[in-house]
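A.B. asks: Okay, handing you the structure first.
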Amino acid sequence: MKKKTEKKKKFLKFFIFIFLVIKKEKNINIELKLKQMEDLTYDSYEFLKELGIEKENYGCFTGSRWCGSGEKIVSMNPTTNKPIAIVHGTSAEEYEETLAEQAKAQKIWQAIPAPKRSEIVRQFRDAFVQKIDLLGKLVSLENGKILSEGIGEVQEVVDICEFAVGLGRQIGGKTLPSERPGHTMLENWTPLGMIGCITAFNFPVAVYGWNGALAWTCGDTVLWKGSSTTPLITIATTKIVQEVLERNKLPGGIAPMVLGTGKAIGEKMINDTRLKLISFTGSTNVGRHVALACAKNFRRTILECGGNNAIIVTKNANVKLALGAITFAAVATCGQRCTTTRRVIIHESLYDSFVQGMVKAYSSIRIGDPLNKDTLVGPLISKSALQNFENAVKAAVDQGGKILYGGKKIDGDGNFVEPTIIEIQHDKPIVFQETFAPIVYVIKYSELDEAININNEVPQGLSSSMFTTNIEEMFQWLGPDGSDCGIVNVNIPTNGAEIGGAFGGEKDTGGGRESGSDAWKQYMKRSTVTINYSKELPLAQGIKFD
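Residue numbers (UniProt numbering): 1 to 546.
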């Protein structure tokens, strides 16, 4: 009896100990949460309320409700490295609820005629116009782009919506001649179905617009996973779209949204056979993983992966034009565009004077708070991006490169760096890598064939440009022995693409195409239709089966 009493006492003591530990941990967690809430700089930015952003936000819109019981995401300001607000990510259960809502919405949306669907896209366009300054300001705050670039990115959404409105009355195939009398052949296009769109931090609004505007017009519903680095932009953008759907009494599952890490949410999307297409923007390594996951079930992908873009400056170039273009192309968005110029290949007759001109132009670049109207270059997105910048500079120097300008972190709280020019041999390993930072490598060449080979020798194949006034050089550059990239420019930068043309690249860039031209076809199913309107049954190829 005594032993039993002692056992009970020990158990009670152990239970009390565990209870106190849990209580203590709970109190610590509460204290930490309160401390984090005190550290938030949300109140410094009044415009956030106008976009529906709060100190704490739900990171999942299922189509009928906002929720978020998954992991916590802290939105950071790259200019100060201070937290702005908190987002509660999507749980596994909430993901399933979202897909179920999207499936119901798909049935409704695909049954609406394309011109009527494009009318809703027109209303999306108007809604973005109304919020262009506010949303552009949020892009500048959370992403670090200067204000004019932030507003310009929202303008891309406006532009692609305008393109898609016209598309709503133009979707169609061909009438084809049949070899059989009394027969006609047609191409018929129908909605593909539910699709998933996974976007990166560097274009946190535009890429969603490129995919969404076309997919919605084509009759698809779009599940969007925005970047965890820019979650507030994803939430604000989704609220703008949802207001239009609600006003038109349409289901929110036409444009649901999830936030979370690639491991937690991204993996679910790329392995989910309910999503008939995955549009992915990000690194080449992750793009390969996405492609393999989707290929297992023969699902479609649109991959927009790495870029390692070059500008060739020939001996016939307009030097002033080329200098201005390169400065913008290599430095804008702090080098964090997939189309950023990372290599400048300069003819030997111009090399010394041209590089001097680049150094002079770089010395006049104003770096600082992206919300300041006089700033030309803001910060890198994160501390890890800053570390990648420093590692790349060191690697270039170790491989024989010579820093001609910049190369250092700028002192202060934010992720600011000096735009950097490095002279280096074209075949060094670092030159073949994409560093998402404002580092440009300058390379000398003698013959045009040599310059084109240097452009083509890297594994990426997104964007390229040549500056020349010589028509023979232009057409060699555009021909089969010219640039191997998906974007081939003459006398303009590698970045700043218009929405009217299809956007994307070859090789390690992934082969995807978004935005204009006939990119809409990726979001639809094509069927070849043969109609026999005669009373006979002739077989194709003259086969007899009597």
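The beta-carbon is built from N, C-alpha and C at its ideal position, and this holds for glycine as well.
Thinking Ser-64 and Ile-195 are a contact (beta carbons under 8 Å), I'd like their distance in whole angstroms, please.
C.D. replies: About 20 Å separates the two Cβ atoms, so there is no contact after all.
A.B. asks: So, helix, strand or coil for Ile-240, using DSSP?
C.D. replies: helix
A.B. asks: With which residues is Val-313 paired in a DSSP beta bridge?
C.D. replies: Ile-346 and Phe-467
A.B. asks: In angstroms, rounded to a whole number, what distance separates the CA positions of Gly-226 and Gly-368?
C.D. replies: 26 Å
A.B. asks: If we require 4 or more residues per run, which alpha helix (DSSP H) segments fall completely within the segment 92 to 142?
C.D. replies: If we require 4 residues or more, the alpha helix (DSSP H) runs fully inside the segment 92 to 142 come out as 92 to 110 and 114 to 130.
A.B. asks: How is the alpha helix (DSSP H) around Gly-252 delimited, first residue to last?
C.D. replies: Note, Gly-252: premise wrong, no alpha helix (DSSP H); not H, not E.
A.B. asks: In the DSSP assignment, what are the bridge partners of Asn-77?
C.D. replies: Lys-82
A.B. asks: Would the beta-carbon of Leu-462 fall within 8 Å of that of Cys-485?
C.D. replies: yes
A.B. asks: Buried or exposed for Asp-413, going by 16 or more other Cβ atoms inside 10 Å?
C.D. replies: exposed
A.B. asks: How many angstroms separate the CA atom of Glu-162 from the CA atom of Arg-125?
C.D. replies: 7 Å
A.B. asks: Looking at the strands, I want to know which residues DSSP matches up with Glu-267.
C.D. replies: Per DSSP, none; premise fails for Glu-267.
A.B. asks: Mapping DSSP to helix, strand and coil, what is Val-529?
C.D. replies: strand
A.B. asks: Taking a contact to mean a Cβ-Cβ separation below 8 Å, would you say Leu-214 touches Ala-85 in this structure?
C.D. replies: no
A.B. asks: Would you call the segment 413 to 422 in contact with the segment 70 to 84, where contact means no fewer than 3 C-beta pairs closer than 8 Å?
C.D. replies: yes
A.B. asks: Identify the continuous alpha helix (DSSP H) that holds Ile-326 and give its terminal residues.
C.D. replies: 319 to 331
A.B. asks: Under three-state DSSP, which class holds Lys-444?
C.D. replies: strand
A.B. asks: Select from Lys-544, Phe-545 and Asn-532 the residue whose C-alpha is nearest the C-alpha of Arg-180.
C.D. replies: Asn-532
A.B. asks: Note down, one range per segment and in chain order, each alpha helix (DSSP H) of at least 4 residues found wholly within the segment 469 to 517.
C.D. replies: Whole alpha helix (DSSP H) segments, 4+ residues: 471 to 478.
A.B. asks: Relative to the alpha-carbon of Arg-299, which residue among Asn-491, Lys-394, Arg-274 and Asn-308 has its alpha-carbon at the smallest distance?
C.D. replies: Among Asn-491, Lys-394, Arg-274 and Asn-308, the Cα nearest to that of Arg-299 is on Arg-274.
A.B. asks: What number of angstroms, rounded off, separates the C-alpha of Gly-209 from the C-alpha of Val-157?
C.D. replies: 5 Å
A.B. asks: Hey, out of Gly-172, Gln-242, Ser-527 and Leu-537, whose CA is closest to Leu-51's CA?
C.D. replies: Ranking the options by Cα distance to Leu-51, first place goes to Gln-242.
A.B. asks: Is Thr-238 near Trp-216, with beta carbons less than 8 Å apart?
C.D. replies: no
A.B. asks: Determine the direct distance from the alpha carbon of Gly-70 to that of Thr-221, and round the result to whole angstroms.
C.D. replies: Within the model, the alpha-carbon separation for Thr-221 versus Gly-70 is close to 24 Å.
A.B. asks: For Lys-249, tell me which candidate among Gln-522, Glu-46, Ile-108 and Ser-517 has the shortest Cα-Cα distance.
C.D. replies: Ile-108
A.B. asks: Who pairs with Pro-191 in a beta bridge, going by DSSP?
C.D. replies: Met-524
A.B. asks: Excluding the five sequence neighbours on either side, which residues of its own chain have a C-beta within less than 8 Å of the C-beta of Phe-328, listed in chain order?
C.D. replies: Pro-493, Asn-495 and Gly-496
A.B. asks: Would you call the segment 427 to 446 and the segment 304 to 320 in contact, with 3 or more CB pairs under 8 Å?
C.D. replies: With a cut-off of 8 Å, the segment 304 to 320 and the segment 427 to 446 count as touching, because enough Cβ pairs lie within range.
A.B. asks: Would you report the Cα separation of Val-290 and Gly-182, rounded to the nearest angstrom?
C.D. replies: 46 Å
A.B. asks: Which class does Lys-23 belong to by DSSP, given the choice of helix, strand or coil?
C.D. replies: With a pLDDT of 48 at Lys-23, under the threshold of 50, the modelled position of this residue cannot be trusted; read the value that follows with caution. If DSSP states are grouped into helix, strand and coil, Lys-23 belongs with the helices.
A.B. asks: Whole angstroms is fine: what's the gap from Asn-285's alpha carbon to Lys-544's?
C.D. replies: CA-to-CA, the gap between Asn-285 and Lys-544 works out to about 53 Å.
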